[in-house]
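Written below as structure tokens is the structure these notes are about.
In my numbering, the protein residues as written are -17 to 342.
In structure tokens form, the structure reads like this:
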């Protein structure tokens, strides 16, 4: 009997490992299918408390859902309308901007001077080679096709996610009722309903709070860039709002981009550094003081687990994976906290030394 139990435990552990590996393999190869569905559920979870509050006024769930999705789509359209054209122009002018940046930094170090000299030699060789010229002539259409493909894929993902969120919000509590019907026992129904409501509370609270914090950061960055005199200050405010959804990496990427553009824009290198320093100070203050004070107590996640999750999903799905990593980790932690067999994993994911356990 002891040997049989040992064999069963070994089989169970092997099945868990195989299931986990299969999950990540499917997530990697089915990204185009899973990502819009996951984003749709996250949008619905975020807007569910707002949708429920609107319904208390007597407005039907379908109408309130349409209003919320239209509001979300308008926000996305606002960002694309005000920032899309400028970003597209910057992308087209990227080679020129890079040349100006190298010129402005040419006197900073001998290394940069060597790089500049090497690039000039390469350009000279390219100008004398017909094959290279022909290759360069073919390259822009491929870049344009890639940009169009990425834009179309992103637009499709957002559209599918918004439509799915609309259906989920318009259905009201139908999804929750269907979920409870899948469990035969009363205790199972209570556990499932408690888990779903806990997930909704944690994820919606986190995403709504982070969105408001990012909006405040975007306004602060935009005002700071305007006061310094950097062109397109509103673009940098929008960039700060969007990049701050990327844990750890967002502030670094934003600071580098602002620094590069400021160096190209301003004649004085010392004055140009005011822009990235201001950006970094604002993002660091938000990350060190504002977010931990407002979100820290609510989220209560192990920072090591957060970092590893961001790295993992960033490797699987790129930028989209970095964005959904923390909400996904929150969902997983709530599930672990509600099932006794997963309490060890839930304890590891918690930032508390003695996390509270949920009774069976």
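Backbone N, C-alpha and C define an ideal beta-carbon position, used for all residues, glycine too.
Source: prediction; values computed, not measured.
Paired residues, beta bridge with residue i - DSSP
i           : result
residue 332 : 283
Reduced DSSP secondary structure (H/G/I, E/B, other) of residue i
i           : result
residue 149 : helix
residue 343 : Since the first and last residues shown for the chain are -17 and 342, residue 343 lies out of range.
residue 87  : coil
residue 320 : coil
residue 200 : helix
residue 12  : coil
residue 121 : The predicted position of residue 121 is uncertain, since its pLDDT is 45 and thus under 50; a value taken from the coordinates is nonetheless stated next. Residue 121: helix per DSSP, three-state reduction.
residue 300 : coil
residue 114 : Low local confidence applies: a pLDDT of 44 at residue 114 is under 50, so the model's placement there is unreliable, with the coordinate-based value given in what follows. Helix.
residue 249 : coil
residue 39  : coil
residue 94  : In this predicted model, residue 94 has a pLDDT of only 45, less than 50, meaning its place in the structure is not dependable; the value taken from the coordinates is given anyway. In this structure, residue 94 counts as helix in the three-state DSSP scheme.
residue 229 : coil
residue 180 : helix
residue 211 : coil
residue 167 : coil
residue 27  : helix
residue 60  : helix
residue 154 : coil
residue 255 : coil
Sequence-distant residues of the same chain with beta carbon closer than 7 Å to residue i, five excluded per side
i           : result
residue 184 : 312, 316
residue 350 : Coverage of the chain is limited to positions -17 through 342, which leaves residue 350 absent and any answer about it impossible.
residue 204 : 215, 216, 218, 219
residue 244 : 212, 254, 257, 258
Proximity test, residue i beta-carbon vs the ligand ADP heavy atom, cut-off 7 Å
i           : result
residue 238 : Here there are no bound small molecules, and the ligand ADP is not part of this structure.
Span separating the alpha-carbon of residue i from that of residue j
i           : j           : result
residue 202 : residue 305 : 22 Å
residue 21  : residue 189 : 12 Å
residue -2  : residue 288 : 22 Å
residue 36  : residue 83  : 51 Å
residue 113 : residue 302 : Note that residue 113 has pLDDT 45, beneath the 50 cutoff, so the model's placement of it is unreliable and the number below is only indicative. Each residue's alpha carbon lies about 38 Å from the other.
residue 221 : residue 327 : 36 Å
residue 318 : residue -4  : 20 Å
residue 134 : residue 242 : 28 Å
Residues near residue i by beta carbon distance below 6 Å, same chain, minus five either side
i           : result
residue 268 : 199
residue 118 : Residue placement at residue 118 is flagged as unreliable, the pLDDT there being 45, under the threshold of 50; the coordinate-derived value follows with that caveat. Excluding residues within five positions, none has a Cβ falling inside 6 Å.
residue 149 : none
Under 8 Å, with one C-beta from each stretch per pair, do the segment 227 to 236 and the segment 248 to 256 reach the 3-pair mark? no
Does the segment 10 to 26 touch the segment -14 to 2, meaning 3 or more C-beta pairs lie closer than 8 Å? no
Would you call the segment 29 to 43 in contact with the segment 136 to 156, where contact means no fewer than 3 C-beta pairs closer than 8 Å? yes
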